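Visitor: One structure, pasted below without further comment.
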Amino acid sequence: MASIGRNDPCPCGSGKRAKQCCFRLGTRTAIEASPSDTYFTSAEQLWRQGRTEDALASMRQGLALRPDFGGGQANLGLMLHELGRRGEAIPCMKTAAALEPDLAWVHANLGNMLYGERDFAGSVESYRRAIALSPDDIDVYVYLGNALKECADADSAIDCYRKVLAIRPDDANVHLSLGDALLAQGDLDGAIASLRTAHRLAPDAADAQSALLFVMNIHPAYSAAERYVEARRYGQVVAARARPYTAWSVDPFLPAQMPHRRLRVGLLSGDLRAHPVGYAIENLLAQLDATRIELVAFPTQLQEDELTRRIRPRFASWQGIAELGDDAAAATIHAAAIDVLVDLSGHTTNNRLPVLAWKPAPIQVSWLGYFATTGVPGVDYLLADPTSVPQSERAQFTETLHYLPATRLCFSPPRADDAIAPSPAPVEANGYVTFGSFQSALKLNDAVIATWSEVLRTLPTARLRLQNGQMRFPASRAHVLDRLARAGIDAGRVSFFGTGSRDDYLLAHRDVDMILDTFPYPGATTTCEALWMGVPTLTIEGDTLASRQGASLLLCVGLDDWIARDRADYVARAVAHSRDIAALSALRLSLRTRALRSPLFDTATFARNLEDALFTMWRQWAAKGGHRATENA
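For the sequence shown, the residue numbers in the working numbering are -15 to 617.
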């Protein structure tokens, strides 16, 4: 959760901020090494004056005379990186590291740059070199822990964080990072303890409390009431730091006054890419009526990919806020004159929920990426459906619930060609049932594993296939194997697979007869993808939006008999479905057609329902008068 920020301590150990320290350190080295050469001194002076291009030119002139001077190469890399020219910066820093292999700060900064470009394995190597040269620079252990965590080496990341905490036990950010690593390891209790410590040490910081809320929704021991109380506390923290807008430069029209005005809708998300959220909205964006809805994107992180490039033309404007503080991000959204702002993240990675407390749009909605209340004042609505949130459970939310017909989610199906067509049930060829789980390992709590153990004990020939990103790494596999063994599951009955391309992932369903869902945090996108591939999911109907999501999806496609009431019913249904091979095989070959005819895959109808919901919210607000001024209260 913690990342390398511009105002974090510099990895060189000087105690100064990372934004400036290493540039100054490197320039001092240059001046001392060549006192008669004024180019490096001039570069620093020009940089301080804001004459960045002149500074770069002076630095390059100096390096033309001394191309083998590593300190100058490093400074040039830092300048380019500060200007956002990361593609040019990293080669400079790599050259510096080769020329000056004994400068710890060079390796540390190269690690920072590689981390920022998501080359986590490369950043691990650079941080380790920096630590070998300067083992007392404790901040580098934090950065190394972050990189190891991204490589799914949670055990090594935990060791790094605990080394830091032995010296700085009151560092809230490190407790936050430790909590994230423990979560990745599946230690939910340890994660919650670390996150509570982080919150106690920094009660005005929202990150630890947001992470805590996410973990509480995964942990089976916490009730909806406890989660609600914690969400309200989070809302109070972010509200205390915000100055909410009370006026907006929008037209509070009524239908009779301006029937043809489009609604300007902002999407706030860190997942407008190859991610479950990105997959969910891709086809939906194409179905939205451009004569009714005008879209503006506010991505909260820098990473983009092919899916980003495909959906970007659907937006009238694309305004990144990843590098803006909460006040500046709120001002950006407010200046865009958004009518309805839809947050797609909730308390998940890269969320910017504190921005919503500033109320940059007159109507703000939580949808899609999170399955519980945000707790944030200023989030007016949460989109639900009658199955996921029965009327009796409305009190679990600080938001007003707006119900969509049939389902709150709609799945964008992958391409339907022969390469990913559903296949016959593998039990027919194997002679035994193969259960599958494609969920993140952090959802595999002790209750889930114990329940799976009961299923496998009852079906002694059955197998289990676990596939997720964490299973690419030996340490993660070993950790899960140990937990399975303690629950009585023989390692010989379990196979592990990491993730590859999306097509490879979909093809993996050909080796699975049915999916065993996790609880209390079931699958959403994974369940839809399995349905697309003809594989049913067995789920438990819980008592919260998050825990009822599987039931909502399966009801949409008429799989009522795949919804269990509790763990005992879950085991019984798993056994019964496994023994009725004829029914399992028939369902396998008909499920995609059934799913495509259901509301879950009907993106055209869902788009109309979503548009109508947004317009209903708007008309209710406009009928109350609205605001057209632009001053911030």
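All C-beta atoms, glycine included, are put in the ideal place defined by N, C-alpha and C. Nothing here was measured: the structure is a model prediction, and the numbers come from that model.
Going by the DSSP bridge assignment, what does residue 378 pair with across the sheet?
Guide: Beta-bridge pairing links residue 378 to no other residue.
Visitor: Put residue 347 into one of helix, strand or coil per three-state DSSP.
Guide: In this structure, residue 347 counts as strand in the three-state DSSP scheme.
Visitor: Should the stretch 52 to 71 be regarded as contacting the stretch 26 to 42, the criterion being three or more beta carbon pairs within less than 8 Å?
Guide: Contact between the stretch 52 to 71 and the stretch 26 to 42 is present, because at least three Cβ pairs lie under 8 Å.
Visitor: For residue 461, which residues in the same chain have their Cβ closer than 6 Å to its Cβ, ignoring the five residues on either side in sequence?
Guide: Around residue 461: 455, 480.
Visitor: Using a Cβ-Cβ cut-off of 6 Å (strictly less than) and excluding sequence neighbours within five positions of residue 10, which residues of its own chain qualify?
Guide: Low local confidence applies: a pLDDT of 39 at residue 10 is under 50, so the model's placement there is unreliable, and no value is given.
Visitor: Return the Cβ separation of residue 268 and residue 396 in integer angstroms, given the expectation that the two are a contact with Cβ distance under 8 Å.
Guide: So it is a contact: roughly 7 Å between Cβ atoms.
Visitor: Does the stretch 579 to 593 come close enough to the stretch 376 to 391 that 3 or more CB-CB pairs lie under 8 Å?
Guide: Touching, per the Cβ criterion.
Visitor: Do we get a CB-CB distance below 8 Å when we pair residue 132 with the residues of chain C?
Guide: Looking at the structure shown, chain C is missing, and only one protein chain is on hand.
Visitor: Contact between the stretch 157 to 177 and the stretch 488 to 499: three or more CB pairs below 8 Å?
Guide: No: fewer than three Cβ pairs fall under 8 Å.
Visitor: Please name the residue or residues paired with residue 277 in a DSSP beta bridge.
Guide: Note: residue 277 sits in a beta bridge opposite 247.
Visitor: Quick check on the burial criterion: 16 or more other C-beta atoms within 10 angstroms. Buried or exposed for residue 530?
Guide: Result: buried.
Visitor: Would you mind reading off the limits of the alpha helix (DSSP H) that contains residue 91?
Guide: Here the alpha helix (DSSP H) through residue 91 covers 88 to 100.
Visitor: Roughly how many whole angstroms lie between the Cα atoms of residue 586 and residue 580?
Guide: Whole-angstrom Cα-Cα distance: 7 Å.
Visitor: Verify whether the separation of the beta carbon atoms of residue 317 and residue 345 is less than 8 Å.
Guide: In contact: residue 317 and residue 345 (Cβ atoms closer than 8 Å).
Visitor: Go through its chain and collect everything with a Cβ distance to residue 13's Cβ below 7 Å, but skip five positions before and after it.
Guide: In this prediction, residue 13 has a pLDDT of 42, which is less than 50 and means its spatial position is unreliable; nothing more can be read from the coordinates.
Visitor: Please work out which residues of its chain come closer than 6 Å, Cβ to Cβ, to residue 329, disregarding the five sequence neighbours upstream and downstream, and give them in chain order.
Guide: Cβ neighbours of residue 329 beyond the five flanking positions: 253, 254, 335, 353.
Visitor: Is the stretch 264 to 279 touching the stretch 305 to 322, taking contact as three or more C-beta pairs under 8 Å?
Guide: Because the criterion of three Cβ pairs below 8 Å is not met, the stretch 264 to 279 and the stretch 305 to 322 do not touch.
Visitor: Quick one: is residue 84 buried, meaning 16 or more other Cβ sit within 10 Å of its Cβ, or exposed?
Guide: So residue 84 ends up on the buried side.
Visitor: Fully enclosed by the stretch 475 to 560, which beta strand (DSSP E) runs are 3 residues long or longer?
Guide: Runs found: 478 to 481, 498 to 500, 521 to 524.
Visitor: Using 8 Å as the Cβ pair cut-off and three pairs as the minimum, do the stretch 431 to 439 and the stretch 463 to 471 touch?
Guide: These segments touch.
Visitor: Taking only heavy atoms of the ligand MG into account, decide whether any of them is closer than 7 Å to the Cβ of residue 291.
Guide: As for the ligand MG, it is missing from this structure, which has no ligand bound.
Visitor: Can you check DSSP and say which residues form a bridge with residue 387?
Guide: Answer by DSSP bridge pairing, in chain order: 368.
Visitor: Could you give the DSSP three-state label for residue 33: helix, strand or coil?
Guide: It is coil, neither helix nor strand.
Visitor: Identify which residue in 169, 106, 69 has its Cα closest to the Cα of residue 675.
Guide: Only positions -15 to 617 of the chain appear in this structure, which leaves residue 675 out of reach.
Visitor: Where residue 231 and residue 303 are concerned, what is the direct C-alpha to C-alpha distance, given to the nearest angstrom?
Guide: Residue 231 and residue 303: Cα-Cα distance of roughly 21 Å.
Visitor: Whether or not the stretch 442 to 451 and the stretch 411 to 419 are in contact is what I'm after, with contact meaning three or more pairs of Cβ atoms, one per stretch, closer than 8 Å; do they touch?
Guide: Counting Cβ pairs under 8 Å, three or more are found: they touch.
Visitor: In three-state terms, what does DSSP make of residue 13?
Guide: Its pLDDT being 42, under 50, residue 13 is placed unreliably by the model, and nothing is read from it.
Visitor: Go ahead and label residue 244 buried or exposed: buried means 16 or more other beta carbons lie within 10 angstroms of its beta carbon, across all protein chains shown.
Guide: Flag for residue 244 reads exposed.
Visitor: Between 214, 170, 347, which lies nearest to residue 327 when the distance is taken from Cα to Cα?
Guide: Of 214, 170, 347, the residue nearest in Cα terms is 347.
Visitor: Are the CB atoms of residue 371 and residue 208 nearer to each other than 8 Å?
Guide: Against a cut-off of 8 Å, the Cβ pair of residue 208 and residue 371 comes out as no contact.
Visitor: Per the DSSP calculation, residue 652 is bridged to which residue(s)?
Guide: Here the chain comprises residues numbered -15 to 617, so residue 652 is not present and cannot be evaluated.
Visitor: Taking only the alpha-carbon atoms, compute the straight-line gap between residue 500 and residue 358 and give it to the nearest angstrom.
Guide: Distance between the alpha carbons of residue 500 and residue 358 is about 28 Å.
Visitor: In whole angstroms, give me the CA-to-CA distance for residue 77 and residue 513.
Guide: Looking at the two C-alpha atoms, the distance is approximately 42 Å.
Visitor: Report the partner residues of residue 421 according to the DSSP bridge assignment.
Guide: Answer by DSSP bridge pairing, in chain order: 450.
Visitor: Taking residue 568 as part of the alpha helix (DSSP H), name the residues at either end of that continuous run.
Guide: Per DSSP, residue 568 belongs to the alpha helix (DSSP H) from 565 to 580.
Visitor: Decide if residue 154 is buried, meaning its Cβ has at least 16 other Cβ atoms within 10 Å, or exposed.
Guide: The residue in question, residue 154, is exposed, as its Cβ has fewer than 16 Cβ neighbours within 10 Å.
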